[in-house]
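*Asks:* Numbered per full-length UniProt numbering, the sequence shown spans residues 1 to 182. Glycine included, every Cβ here is placed at the ideal spot set by N, Cα and C. Here it is, the structure in full.
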Amino acid sequence: RSLFMKEKHLMLHLLSQISKGMEAFGALTVIRENFELFRPVFTPSMETYTWTRELLLEKLEAQYENEIGSNKRNNAINTYKSFLDFVDECFQNESTLIPAPILMKFLTGCETIPPVGLPADKMKIYFKHDCGLSPNGTACACLPTVSTCALYVKIPVHIQTEEQMMESFVSAMKKGSGFQLS
1 RSLFMKEKHL MLHLLSQISK GMEAFGALTV IRENFELFRP VFTPSMETYT WTRELLLEKL
61 EAQYENEIGS NKRNNAINTY KSFLDFVDEC FQNESTLIPA PILMKFLTGC ETIPPVGLPA
121 DKMKIYFKHD CGLSPNGTAC ACLPTVSTCA LYVKIPVHIQ TEEQMMESFV SAMKKGSGFQ
181 LS
């Protein structure tokens with residue numbers, strides 16, 4: 001018992017201080033009255049915070065800016081379908097170049113779902129049209145861009161297949177920093 005107490009003494013002191021602080025603001029009473037609601041916040045469980053394909057798909061919202069039936073809109077729809085195939089590959093194939101947690105870190109800044117949720121209900125998908133030639137005169141080599149704060153992804157419409165999508169996201173992650181592929 002004394003070994004346990006010696007090891008845990010500092011932690012117990014910290015927990016006591018946190019408890020007193022929460023009590024001072026009335027939060028401890030609310031938490032105790034709504035224990036089940038607060039369980040995910042105070043109970044470590046990776047299941048609670050693990051991204052799933054279904055959850056991501058619920059959050060995605062394609063932003064088509066062109067008229068129905070136009071070539072630009074059809075290109076954007078095809079690009080979005082390729083993006084969805086790419087997402088499926090990341091979530092379903094453990095040996096993929098971009099595992100789901102790394103993809104989610106790139107898209108949202110978080111490998112797991114934040115305990116308080118994301119800053120927006122939807123992750124908007126925008127499409128970049130008319131890329132043009134690169135400065136050296138070769139075909140466009142645009143890459144997907146993301147905003148982890150505003151929660152959006154901008155994908156060039158010349159990316160039309162799952163393979164191109166994978167290549168472009170791998171390249172974007174390598175050129176970015178902190179996404180474990182650089």
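Have a look at the DSSP bridge pairing and note the partners of tyrosine 152.
*Replies:* For tyrosine 152, which the question treats as bridged, DSSP gives the partners Lys124, Ser147.
*Asks:* Assuming threonine 112 and threonine 148 form a contact by the criterion Cβ under 8 Å, report the distance between their Cβ atoms to the nearest whole angstrom.
*Replies:* Actually they are not in contact, since the Cβ atoms of threonine 112 and threonine 148 sit about 14 Å apart, beyond 8 Å.
*Asks:* Could you spell out the range, first to last residue, of the beta strand (DSSP E) harbouring alanine 62?
*Replies:* Run containing alanine 62: 60-62, per the beta strand (DSSP E) assignment.
*Asks:* Of the residues Phe106, Phe86, Ile102, which one's Cα is nearest the Cα of threonine 161?
*Replies:* Measuring from the Cα of threonine 161, the nearest candidate turns out to be Phe86.
*Asks:* Can you give me the start and stop residues for the alpha helix (DSSP H) that isoleucine 102 sits inside?
*Replies:* Segment 100-108, the alpha helix (DSSP H) holding isoleucine 102.
*Asks:* Closer than 7 Å by C-beta to glycine 132: which residues in its own chain qualify, once you throw out the five before and the five after it? Chain order, please.
*Replies:* Cys140, listed in sequence order.
*Asks:* Where does glycine 132 fall in DSSP's three states?
*Replies:* In this structure, glycine 132 counts as coil in the three-state DSSP scheme.
*Asks:* So, are the CB atoms of tyrosine 64 and proline 115 less than 8 Å apart?
*Replies:* No, they are not a contact pair.
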